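Chemist:
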Amino acid sequence: MPPSLSLEDRNIAARLRDGDPGAFDVMIREHGPGMCRFILSQIHSAELAEELVQDIFLNIWERRAEFNPRTSLKSYLFTAARNKAIDHIRHERVKQEYREEVGLRGEHVSTTPDEILAGEELEEAIRRVVQELPDRCRLIFSLQREEGMSYAEIARVLGISQKTVETQMG
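Be aware that the sequence shown starts at 9, since it is given in this note's numbering, and climbs by one per residue.
1. Give every residue of the same chain whose Cβ lies closer than 6 Å to the Cβ of residue 157, excluding the five residues on either side of it in the sequence, and list them in chain order.
2. How many Å lie between residue 85 and residue 109 at the Cα?
3. For the stretch 58–75 and the stretch 120–137, state whether three or more C-beta atom pairs, one from each stretch, are separated by less than 8 Å.
4. Please report the straight-line C-alpha distance between residue 61 and residue 15, rounded to a whole angstrom.
5. So for residue 81, helix, strand or coil by DSSP?
6. Beta-carbon separation of residue 144 and residue 176 under 8 Å?
7. Where do the N-terminal and C-terminal ends of the alpha helix (DSSP H) with residue 130 fall, by residue?
8. Can you tell me where the alpha helix (DSSP H) with residue 29 in it begins and where it stops?
9. Would you kindly report the start and end of the unbroken alpha helix (DSSP H) that includes residue 19?
10. From the DSSP output, in three-state form, read off residue 175 for me.
11. Could you check which residue in 98, 83, 27, 141 has the C-alpha nearest to that of residue 38?
12. May I have the straight-line CA-CA distance separating residue 105 from residue 99, to the nearest angstrom?
13. Just tell me which of 80, 35, 90, 22 has its CA closest to the CA of residue 49.
14. Can you look up residue 75 in the DSSP assignment and give me helix, strand or coil?
15. Please report the distance separating the alpha-carbon of residue 139 from that of residue 178.
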């Protein structure tokens, strides 16, 4: 069973719901440094740990009218800190996987509508030109560009010489 709210925690929560900045300041001074150390132990960046703790407190202040912790303030805040650290780590992992995926494919990530449109137009033009290639040449091109096969692999799969593959690609 989670620890119940102490009289002091109930008082701080009630004052916070009423918009008392003093209660908010007390909560930050009492729990902020420990939360920073806790997050720092997870993500190894003091600046980022402070930023994440600030985000937690900002969220509490913005939603102070509904602030009603069911556990001690310390437990509530450290749970929020743990969740914030986990979310950050997951987000960073997704960003890293995306960067690796884009890097492996050698793609440029378009950021403007004009770049996106130009990329789509270029892809469509390439598709039209590839469709006009002779069947064998189109197959070799597709195996190399779309499947990422080397010239040697294509030659083995199709039973032709590597020089033929090079010529067809040229």
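We put the beta carbon where it would ideally sit given N, CA and C, even for glycine. Owing to the predicted nature of the structure, the values given are computational and were not obtained by experimental measurement.
Modeler: Taking the definition as stated:
1. Here residue 157 corresponds to residue number 149 of the sequence shown, with the count starting at 1. 151.
2. Within the sequence shown, residue 85 is the residue found at index 77, counting from 1. Within the sequence shown, residue 109 is the residue found at index 101, counting from 1. Computed Cα separation, rounded: 36 Å.
3. no
4. Indexing the sequence shown from 1 puts residue 61 at position 53. Indexing the sequence shown from 1 puts residue 15 at position 7. One C-alpha to the other measures close to 25 Å.
5. For the purposes of this step, residue 81 is taken as residue 73 along the sequence shown, with counting starting at 1. When DSSP states are grouped into helix, strand and coil, residue 81 belongs to the helix group.
6. Here residue 144 corresponds to residue number 136 of the sequence shown, with the count starting at 1. Here residue 176 corresponds to residue number 168 of the sequence shown, with the count starting at 1. Result yes, Cβ atoms of residue 144 and residue 176 sit closer than 8 Å.
7. As a working note, residue 130 is residue 122 in the sequence shown. Per DSSP, residue 130 belongs to the alpha helix (DSSP H) from 121–139.
8. As a first step, residue 29 must be located in the sequence shown, where it is residue number 21. Run containing residue 29: 29–51, per the alpha helix (DSSP H) assignment.
9. Along the sequence shown, one-based indexing puts residue 19 at 11. Taken as a continuous stretch (DSSP letters only), the alpha helix (DSSP H) holding residue 19 covers 15–25.
10. Residue 175 sits at position 167 when you count from the first residue of the sequence shown. The answer is helix: DSSP assigns residue 175 an H, G or I state.
11. Taking the sequence shown and counting its residues from 1, the one referred to as residue 38 is at position 30. Cα-wise, what sits closest to residue 38 is 83.
12. Translated into the one-based positions of the sequence shown, residue 105 becomes position 97. Translated into the one-based positions of the sequence shown, residue 99 becomes position 91. Residue 105 and residue 99 have their C-alpha atoms spaced approximately 10 Å apart.
13. On the sequence shown, position 41 is the one that residue 49 refers to. The shortest C-alpha separation from residue 49 is found at 90.
14. The residue you call residue 75 lines up with position 67 of the sequence shown. Looking at residue 75 - three-state DSSP - the assignment turns out to be coil, as it is neither helix nor strand.
15. Looking up residue 139 in the sequence shown gives position 131. Looking up residue 178 in the sequence shown gives position 170. Approximately 16 Å, taken between the alpha carbons.
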